Amino acid sequence: MSRQNILSGSPWEDKMGYCRAVRIGNIVEVAGTVAIVDGEKVKADDAYAQTHNIIERIAKVLEDAGASLNDVIRTRIFTTNMTHFDDIARAHGAFFKDIKPTTGIYEISGLVSPDYLVEIEFTAVLA
128 MSRQNILSGS
138 PWEDKMGYCR
148 AVRIGNIVEV
158 AGTVAIVDGE
168 KVKADDAYAQ
178 THNIIERIAK
188 VLEDAGASLN
198 DVIRTRIFTT
208 NMTHFDDIAR
218 AHGAFFKDIK
228 PTTGIYEISG
238 LVSPDYLVEI
248 EFTAVLA
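This is the structure we're talking about:
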């Protein structure tokens, strides 16, 4: 099986030696992804907007890998504060209400920047 690396252009990809997603055969694994916090549409204190931004961006990454959100079978959600659960769940549900991948949400002590409240990993399998 061939391997397809999908790069996003993030400076972290070369620094850490990773890519946004890898497709091997019919499996696509997407690296932990945080929001693009712009201070206007996506704010450092808005877990809903951050979650929405992440999933919107990953939809494009999946498209580049020949997949879509419909192919997602698992999400792993990391948050720095579980009090954001309702906002994260509402944004996740806006995309996955009918798809219903398995998921887990985990509170962690921190992400790479204090501006980030949420990071999500995705696994997709193409039929």
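Taking the numbering used here, I'd label the letters of the sequence shown as residues 128 to 254.
Just so you know, even glycine gets a beta-carbon here, dropped at the ideal spot from N, CA and C.
Note that the coordinates shown come from a computational prediction; the quantities given were computed from them, not determined experimentally.
**OP:** Over the uninterrupted beta strand (DSSP E) stretch that includes ILE199, give me the two end residues.
**Re:** The residue asked about is misnamed: residue 199 is Val in this sequence, not Ile. Run containing VAL199: 199 to 206, per the beta strand (DSSP E) assignment.
**OP:** Classify GLY144 as helix, strand or coil using the three-state DSSP reduction.
**Re:** GLY144: coil per DSSP, three-state reduction.
Original post:
Going by the CB atoms, is the gap between PHE205 and TYR233 shorter than 8 Å?
Top reply: Cβ atoms of TYR233 and PHE205: closer than 8 Å.
Original post:
Taking buried to mean at least 16 other C-beta atoms within 10 Å of its own C-beta, is GLU190 buried or exposed?
Top reply: Its Cβ having fewer than 16 others within 10 Å, GLU190 is exposed.
**OP:** With distances taken Cα to Cα, identify the nearest neighbour of ASN153 among ALA194, ASP165 and SER135.
**Re:** Of the residues ALA194, ASP165 and SER135, the one whose Cα lies closest to the Cα of ASN153 is ALA194.
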